[in-house]
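Peer 1: Order-wise, the sequence lines are chains A and B.
Quick note: the first sequence uses this note's numbering, first residue 1, plus one each step.
Quick note: the second sequence uses this note's numbering, first residue 135, plus one each step.
Number of protein chains: 2
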Amino acid sequence: MTNQNNEVTYSIGELAKEFDITPRSIRFYEEQDLLSPERTGQTRIYCNKDRVRLKLILRGKRLGFSLAEIKNLFELYDSNANSMLQLEAMLKMTEQKRAILRQQLDDIQMLMNELDEVEKRCRDELADLQKRGC
Amino acid sequence: MTNQNNEVTYSIGELAKEFDITPRSIRFYEEQDLLSPERTGQTRIYCNKDRVRLKLILRGKRLGFSLAEIKNLFELYDSNANSMLQLEAMLKMTEQKRAILRQQLDDIQMLMNELDEVEKRCRDELADLQKRGC
DNA sequence: CCTAACCCTAACGTTAACGTAAATCAATTT
DNA sequence: AAATTGATTTACGTTAACGTTAGGGTTAGG
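(1) At 8 Å on the CB atoms, spell out the chain A contacts of TYR120 of chain B, in chain order.
(2) Could you check whether the Cβ of MET1 of chain A sits closer than 8 Å to any Cβ belonging to chain B?
(3) Rounded to whole angstroms, how far is the Cβ of LEU35 of chain A from the Cβ of ASP50 of chain A, which I believe are closer than 8 Å?
(4) Applying a beta-carbon distance threshold of less than 8 Å, which residues of chain A neighbour THR228 of chain B?
(5) Between LEU102 of chain B and chain A, is the shortest Cβ-Cβ distance under 8 Å, so that the two count as touching?
(6) Closest by CA to MET214 of chain B, which one among A:LEU111, A:ARG121, A:MET90?
(7) For THR228 of chain B, name the three-state secondary structure that DSSP assigns.
(8) Excluding the 5 residues flanking ILE204 of chain B on each side, which residues of the same chain have their C-beta closer than 7 Å to its C-beta?
(9) What ranges does the alpha helix (DSSP H) occupy inside the stretch 161-227 of chain B, keeping only unbroken runs of at least 4 residues that lie completely in it?
(10) LEU225 of chain B to THR2 of chain A, Cα distance in whole Å?
(11) Quick check on THR228 of chain B: buried or exposed, where buried means 16 or more other Cβ atoms within 10 Å of its Cβ?
(12) Here's the rule I'm using: 16 or more other beta-carbon atoms within 10 Å means buried, otherwise exposed. How should ARG149 of chain B be labelled?
(13) Just the Cα atoms here: how many angstroms apart are ASP116 of chain A and ASP128 of chain A?
(14) Of the residues A:GLU18, A:GLU119, A:LEU126, which one's Cα is nearest the Cα of LEU207 of chain B?
(15) Of all the CB atoms in chain A, is at least one closer than 8 Å to the CB of ARG185 of chain B?
(16) Going by the CB atoms, is the gap between LEU235 of chain B and ILE108 of chain A shorter than 8 Å?
(17) Under the DSSP definition of a beta bridge, which residues are partnered with THR9 of chain A?
(18) Nearest chain A C-beta to ARG158 of chain B closer than 8 Å, yes or no?
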């Protein structure tokens, strides 16, 4: 659908289906101040910006961030920090998050290696089974 | 400490301190069948293999895996699968985990990009503040 | 007019992963 | 001998992130 400004909009059900989650989850994210869609009457109307936000929420979740941390990132992103103190706090925050992501990159690399091993052992045994006739 | 085979061993407290978690957590992982240390009397004695396992558990956690999934990975790793069906199931599992890790790599890349943006905006404003005398 | 398919709020229930407290035991230290 | 330190079990408490149920409103189709 489109709203009065000819922008694309979504119902809660559409977004739920698109991202394979329940409407309950989306409402919950709103309750936690991660979303704030428009309304027509009681009904929530999500614009594209809301949809992007939701995508970011789910991305954060896949990386093991809590909703509180994700909210934190949003506030960081939205904030019009103007004092030097605020700006420096923000830089500190981004660096912290970056450190977590780097750690995760390491973790992924090591887990991938272990999966390689498991897989190799597995293929070897399969080949062995084939050779001995099966 | 070392055990009768001259292998290095650890108390629960030592491991807890090393990995910056509580003994309670370590006992909980055991309760969930993720660890199975030896005992002398009542006291748990962890060998190096246990320590490695613990490291793997924490790595999995940092990547957002549940303890159940981690246990799953362990069983996969330990399993002496011998039937073709089992081996193929294992390959399927590793591929699934791999897909998750790839997804996370993507997620990390995108989040990093967004952090770059935030940081850039932040530095620009800081420079601006400097320029206008402060 | 009815019902099906949406939407809503409110509120209680659930699960994972521990935290925390109580009571006890064993080995050191003072 | 008394106290500290670190281990144990048992069991109830807690938080996050929803699930689920109950009750109700509104629009499109038959």
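Glycine included, C-beta positions come from ideal geometry on N, C-alpha and C.
Peer 2: By the coordinates alone:
(1) This structure gives no information on residue 120 of chain B, because the portion of chain B shown stretches from 135 to 268.
(2) Indexing the first sequence from 1 puts residue 1 of chain A at position 1. No, MET1 of chain A does not count as interfacial toward chain B.
(3) Within the first sequence, the letter at position 35 stands for residue 35 of chain A. Within the first sequence, the letter at position 50 stands for residue 50 of chain A. That pair is a contact at about 6 Å.
(4) What you label residue 228 of chain B is simply residue 94 of the second sequence in a count that begins at 1. The contacting residues are LEU115, VAL118, GLU119, CYS122.
(5) Chain B is shown only over 135 to 268; residue 102 of chain B falls outside these bounds and no answer can be derived.
(6) As a first step, residue 214 of chain B must be located in the second sequence, where it is residue number 80. It should be noted that the sequence gives Asn, not Met, for residue 214 of chain B. Looking at the Cα atoms, A:ARG121 is the closest of the given residues.
(7) Here residue 228 of chain B refers to the residue found at position 94 of the second sequence. Three-state DSSP puts THR228 of chain B in a helix.
(8) Here the question's residue 204 of chain B lines up with position 70 in the second sequence. So the list reads LEU168, ILE191, GLY194, once near-sequence residues are dropped.
(9) 182-196, 201-212
(10) By 1-based counting over the second sequence, the position of residue 225 of chain B is 91. By 1-based counting over the first sequence, the position of residue 2 of chain A is 2. Approximately 46 Å between the Cα atoms of the pair.
(11) Along the second sequence, read from residue 1 onward, the residue named residue 228 of chain B stands at position 94. By the 10 Å Cβ count, THR228 of chain B comes out buried.
(12) Within the second sequence, residue 149 of chain B is the residue found at index 15, counting from 1. Note on residue identity: the sequence assigns Leu, not Arg, to residue 149 of chain B. Under this definition LEU149 of chain B is a buried residue.
(13) The residue given as residue 116 of chain A occupies position 116 in the first sequence. The residue given as residue 128 of chain A occupies position 128 in the first sequence. Computed Cα separation, rounded: 18 Å.
(14) Here the question's residue 207 of chain B lines up with position 73 in the second sequence. With distances taken between Cα atoms, LEU207 of chain B lies closest to A:GLU119.
(15) Mapped onto the second sequence, residue 185 of chain B falls at position 51. Not an interface residue.
(16) Sequence index remark: in the first sequence, residue 108 of chain A carries index 108 (1-based). Sequence index remark: in the second sequence, residue 235 of chain B carries index 101 (1-based). Yes. Within cutoff.
(17) Locating residue 9 of chain A in the first sequence gives position 9, counting from the first residue. In DSSP, THR9 of chain A forms a bridge with A:CYS47.
(18) Stepping through the second sequence from its first residue, residue 158 of chain B is reached at position 24. So no, ARG158 of chain B is outside the interface.
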